[in-house]
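Step one of this worksheet: look at the structure below.
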Amino acid sequence: MARPIHGCRTHVLLHPFFVGLGGALLMGALFTDYMYTRNSLPQWANFSVWLITGGLVLALIAAIFLVIDVALARAGPIRWLDFGLIGTAAILSVVNVFVHSRDAWTSVVLTGIALSTIVTILLLAAGLRGWCVTTAVKTAGRGESE
16 MARPIHGCRT
26 HVLLHPFFVG
36 LGGALLMGAL
46 FTDYMYTRNS
56 LPQWANFSVW
66 LITGGLVLAL
76 IAAIFLVIDV
86 ALARAGPIRW
96 LDFGLIGTAA
106 ILSVVNVFVH
116 SRDAWTSVVL
126 TGIALSTIVT
136 ILLLAAGLRG
146 WCVTTAVKTA
156 GRGESE
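In the working numbering, the protein residues as written are 16 to 161.
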């Protein structure tokens, strides 16, 4: 029977997938904001609202899975820098979705695109660090002593 390398196995964390997917949607809003500033078609502003809302829904799902990871003891200690980057991006995205709910031009030009840019920079930094706010816990394999 095959055993894991070095007699231990790492649990797969559930939350990083949803953090990365939501982050991609939030970063996509910067592109749609930019497109709106170039051609003033209101549909680009609508796309931004949809992307930000979708990213926030996925951030909520990621938070639920983070709680599940912690409750099942799959997750190790919180990496506070990553948690702060992603948490700040989520809070700014909530503000950004309210800003984008205004009239199309005033929702995007200056305030909306500035918030989208800041969120994108924060999420790029989090993405370079792995989209994960905790470390995975290693457990001893079957038949192995801890």
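All C-beta atoms in this analysis are idealised placements derived from N, C-alpha and C, irrespective of residue type, glycine included.
Unbroken beta strand (DSSP E) stretches of 3 residues or longer found wholly inside the stretch 90-119: 90-93, given in chain order. Here the alpha carbons of Thr68 and Ala44 stand approximately 10 Å from one another. Restricting attention to Val34, Ala151, Leu125, Leu56, the CA atom closest to the CA of Ile79 is found in Val34.
Using a Cβ-Cβ distance cut-off of 8 Å, the stretch 119-129 and the stretch 40-57 are in contact, since at least three pairs of beta carbons, one from each stretch, lie closer than that value. The stretch 95-107 makes contact with the stretch 137-146: 3 or more CB pairs, one atom from each, lie closer than 8 Å.
Linking Asn54 to Val123 through their CA atoms gives a straight-line distance of about 12 Å.
In the three-state DSSP reduction, Ala88 falls in the coil class, being neither helix nor strand.
Counting only runs of 3+ residues, no beta strand (DSSP E) is found wholly inside the stretch 38-87.
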